[in-house]
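J.: Here it is: the structure, laid out below.
Number of protein chains: 2
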Amino acid sequence: MKTLELAKSRKTVRQFKDTSVPLDLVKKAVEVAIEAPSGANYQGWRFLIIEDQELKKGVRLASEDGEKEFYKKVLGDWREWLDESKINWKKPYLEYAPLLVIVLARNDVPYSSESVWLAVGYMLLALEELGLGTVTYTPSDLKLVEDVLPIPSEYRLEAILPIGYSDDDKSKENRENLENVIQII
Amino acid sequence: MKTLELAKSRKTVRQFKDTSVPLDLVKKAVEVAIEAPSGANYQGWRFLIIEDQELKKGVRLASEDGEKEFYKKVLGDWREWLDESKINWKKPYLEYAPLLVIVLARNDVPYSSESVWLAVGYMLLALEELGLGTVTYTPSDLKLVEDVLPIPSEYRLEAILPIGYSDDDKSKENRENLENVIQII
Numbered sequence: 001m002k003t004l005e006l007a008k009s010r011k012t013v014r015q016f017k018d019t020s021v022p023l024d025l026v027k028k029a030v031e032v033a034i035e036a037p038s039g040a041n042y043q044g045w046r047f048l049i050i051e052d053q054e055l056k057k058g059v060r061l062a063s064e065d066g067e068k069e070f071y072k073k074v075l076g077d078w079r080e081w082l083d084e085s086k087i088n089w090k091k092p093y094l095e096y097a098p099l100l101v102i103v104l105a106r107n108d109v110p111y112s113s114e115s116v117w118l119a120v121g122y123m124l125l126a127l128e129e130l131g132l133g134t135v136t137y138t139p140s141d142l143k144l145v146e147d148v149l150p151i152p153s154e155y156r157l158e159a160i161l162p163i164g165y166s167d168d169d170k171s172k173e174n175r176e177n178l179e180n181v182i183q184i185i
Numbered sequence: 186m187k188t189l190e191l192a193k194s195r196k197t198v199r200q201f202k203d204t205s206v207p208l209d210l211v212k213k214a215v216e217v218a219i220e221a222p223s224g225a226n227y228q229g230w231r232f233l234i235i236e237d238q239e240l241k242k243g244v245r246l247a248s249e250d251g252e253k254e255f256y257k258k259v260l261g262d263w264r265e266w267l268d269e270s271k272i273n274w275k276k277p278y279l280e281y282a283p284l285l286v287i288v289l290a291r292n293d294v295p296y297s298s299e300s301v302w303l304a305v306g307y308m309l310l311a312l313e314e315l316g317l318g319t320v321t322y323t324p325s326d327l328k329l330v331e332d333v334l335p336i337p338s339e340y341r342l343e344a345i346l347p348i349g350y351s352d353d354d355k356s357k358e359n360r361e362n363l364e365n366v367i368q369i370i
């Protein structure tokens, strides 16, 4: 089963090779994403594909400004997971991934957030099939990052997907057993 | 490209054949879903698979109670879309689909809603590959429906996926052209 194979092989990637990514591949992944269903078929999504090096750096710096504040406050098992996973406020992949896909959701349509994330689900499997890696990153302070991006006024930032060929040797995070997450009635 | 093929062929299904659905197929689709990434790997999702006829009927009635109120209020182009699509407060598929998958999100973990919808994206492509149809239905009044379901206290209802073999001849909703939804910078 192809989707099971892709879903199982796919893992989050936070380090990328320098190798550039053909724009057509990323467009192909977005082409898959926009086939997703959406509330009342509003298709309340937009995708900014950022190749510009200065803009990627700007996104990184704005994101890190928000993360520095966030990391002062995060506690408990979330903090433990972050520390164990060696994740901190630094987001170099936003600057050094060959491309960023900025995922936007429209403000004035129903279920746009749900629809956008559903489309991101489609996109992750498509990227895996295309041999490309990513991480679905949502900045802790959205406003700071929105301010450096050309976002139309009726849209908001939902996620940033840095995209490239994996240079990340971290293994996939464990998943719970199926039997633990389903209940049959 | 398999994901593109599945994404393009998949359309929303609201009418189902009587033919029963092997539980193993639905479990396979959930197996795909739970490979999705989630905020801090919390995997804040649970799936209730409802076969019980009385409970399906209860879900339908509770959902319709909420929809009746909602349909009194919805206006503008959302209402137009609903009328054109012949969608109203009646949700017979909740009673007559062979199975319902109730998708739950955990309340006390970060990004659980985003993660759950991402996993639903995985699940939709898996169901398409398995030859099964569904619609991602979110009740207008979640509380009414939560009250008839055995939902653990730390979870909330995000979506209901009625699942079965398609008996719906409505064609797929149009999608915008790729070039209209991307911007390259």
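Just so you know, the protein sequences line up as chains A and B, in that order. For what it's worth, the working numbering labels the leading residue of the first sequence as 1, then goes sequentially. For what it's worth, the working numbering labels the leading residue of the second sequence as 186, then goes sequentially. Backbone N, C-alpha and C define an ideal beta-carbon position, used for all residues, glycine too.
If we count Cβ pairs, one from each stretch, closer than 8 Å, do we get three or more for the region 164-178 of chain A versus the region 105-117 of chain A?
T.: The region 164-178 of chain A vs the region 105-117 of chain A: no contact.
J.: Indicate whether residue 7/A and residue 313/B have their beta-carbon atoms separated by less than 9 Å.
T.: Cβ distance not < 9 Å, so residue 7/A and residue 313/B don't count as in contact.
J.: Excluding sequence positions up to five away, which residues of its chain have a Cβ less than 6 Å from the Cβ of residue 165/A?
T.: Hits under 6 Å: 17, 19.
J.: Among 22/A, 4/A, 32/A, whose alpha-carbon lies nearest the alpha-carbon of residue 210/B?
T.: For the residues 22/A, 4/A, 32/A, the minimum Cα distance to residue 210/B belongs to 4/A.
J.: Compare the C-beta of residue 19/A with all C-beta atoms of chain B and state if any pair is closer than 9 Å.
T.: Judged by the 9 Å Cβ criterion, residue 19/A is not in contact with chain B.
J.: Output needed for residue 353/B: all residues of its chain with C-beta closer than 6 Å, excluding positions within five of it in sequence on either side, in chain order.
T.: Within the same chain, residue 353/B has close Cβ partners 198, 199, 200.
J.: Mapping the DSSP letters down to three states, classify residue 286/B as helix, strand or coil.
T.: The answer is strand: DSSP assigns residue 286/B an E or B state.
J.: Under 9 Å, CB to CB, which of the residues in the region 227-250 of chain B have a partner in chain A?
T.: The residues in question are 227, 228, 230, 231, 232, 233, 234, 235, 236, 237, 240.
J.: Determine the chain B residues that contact residue 119/A at a beta-carbon separation under 8 Å, and present them in chain order.
T.: What residue 119/A touches in chain B: 306.
J.: Would you mind telling me which residues of chain B sit closer than 7 Å to residue 73/A, beta carbon to beta carbon, in chain order?
T.: Near residue 73/A there are no residues of chain B at all, since even the closest Cβ is about 12 Å away, more than 7 Å.
J.: Out of 51/A, 113/A, 83/A, which one is the CA nearest neighbour of residue 138/A?
T.: With distances taken between Cα atoms, residue 138/A lies closest to 113/A.
J.: Out of 239/B, 273/B, 266/B, which has the shortest C-alpha to C-alpha gap to residue 255/B?
T.: With distances taken between Cα atoms, residue 255/B lies closest to 273/B.
J.: Could you give the distance in angstroms between the alpha-carbon of residue 288/B and the alpha-carbon of residue 328/B?
T.: Cα-Cα distance, rounded: 14 Å.
J.: Based on Cα-Cα distance, which residue from 303/B, 261/B, 333/B, 338/B lies nearest to residue 249/B?
T.: The residue with the shortest Cα to Cα distance from residue 249/B is 333/B.
J.: Using 8 Å for Cβ pairs, my map puts residue 285/B next to residue 259/B. What's the rounded Cβ distance?
T.: Between residue 259/B and residue 285/B the Cβ distance is about 24 Å, and since that is not below 8 Å, they are no contact.
J.: What are the residues in the region 153-173 of chain A lying within 9 Å of chain B by C-beta distance?
T.: So the close ones are 158, 159, 172, 173.
J.: When you compare only the Cα positions, how much space is there between residue 22/A and residue 55/A?
T.: Rounded to whole angstroms, residue 22/A to residue 55/A spans 19 Å at the Cα level.
J.: How is residue 38/A classed by DSSP in three states: helix, strand or coil?
T.: Here residue 38/A sits in coil by DSSP.
J.: DSSP on residue 274/B, reduced to helix/strand/coil?
T.: Note: residue 274/B maps to coil in three-state DSSP.
J.: By how many angstroms is the C-alpha of residue 136/A removed from the C-alpha of residue 159/A?
T.: Roughly 6 Å separates the two Cα atoms.
J.: Quick one: residues in its chain with C-beta nearer than 6 Å to the C-beta of residue 141/A, no 5 flanking neighbours on either side, listed in chain order?
T.: Taken in chain order, the residues that qualify are 66.
J.: Quick check on residue 187/B - is its C-beta less than 9 Å from some C-beta in chain A?
T.: Yes, its Cβ sits closer than 9 Å to a Cβ of chain A.
J.: Whole angstroms is fine: what's the gap from residue 358/B's alpha carbon to residue 90/A's?
T.: If you take the alpha carbons of residue 358/B and residue 90/A, they lie about 42 Å apart.
J.: Could you give the C-beta distance for residue 303/B and residue 348/B, rounded to a whole number, given that I count them as a contact under 8 Å?
T.: No, residue 303/B and residue 348/B are not in contact; Cβ-Cβ is about 19 Å, not under 8 Å.
J.: Report the partner residues of residue 319/B according to the DSSP bridge assignment.
T.: DSSP output for residue 319/B lists 348/B as bridge partner(s).
J.: Ignore the nearest five residues each way along the sequence and tell me which others in residue 310/B's own chain have a CB closer than 6 Å to its CB.
T.: Same-chain partners within the cutoff: 191.
J.: Would you mind reading off the limits of the beta strand (DSSP E) that contains residue 231/B?
T.: It spans 230-235 - the beta strand (DSSP E) in which residue 231/B sits, taken as one unbroken run.
J.: Near residue 336/B, what residues of its chain come up, given a Cβ to Cβ distance below 7 Å and the 5 sequence neighbours on each side ignored?
T.: Taken in chain order, the residues that qualify are 289, 342.
J.: Beta-carbon within less than 6 Å of residue 93/A's beta-carbon, same chain only, minus the 5 sequence neighbours each way: which residues are those?
T.: If we look at residue 93/A and ignore the five residues flanking it on each side, its Cβ neighbours are 14, 162.
J.: According to a CB-to-CB cut-off of less than 7 Å, which residues of the region 284-297 of chain B neighbour chain A?
T.: Those residues of the region 284-297 of chain B that come within reach of chain A (Cβ to Cβ, closer than 7 Å) are 295, 296.
J.: Tell me where the alpha helix (DSSP H) around residue 238/B begins and ends.
T.: From DSSP, the alpha helix (DSSP H) with residue 238/B extends over 238-258.
J.: Do the CB positions of residue 225/B and residue 305/B come within less than 9 Å of each other?
T.: Not in contact: residue 225/B and residue 305/B (Cβ atoms no closer than 9 Å).
J.: Determine the burial state of residue 53/A: buried for a count of at least 16 other Cβ atoms within 10 Å of its Cβ, exposed for fewer.
T.: When all chains shown are included, residue 53/A counts as exposed.
J.: Establish whether the CB of residue 282/B and some CB of chain A are separated by less than 9 Å.
T.: Not closer than 9 Å to any Cβ of chain A, the Cβ of residue 282/B fails to qualify, so no.
J.: Which of the three DSSP states is assigned to residue 157/A in this structure?
T.: Note: residue 157/A maps to strand in three-state DSSP.
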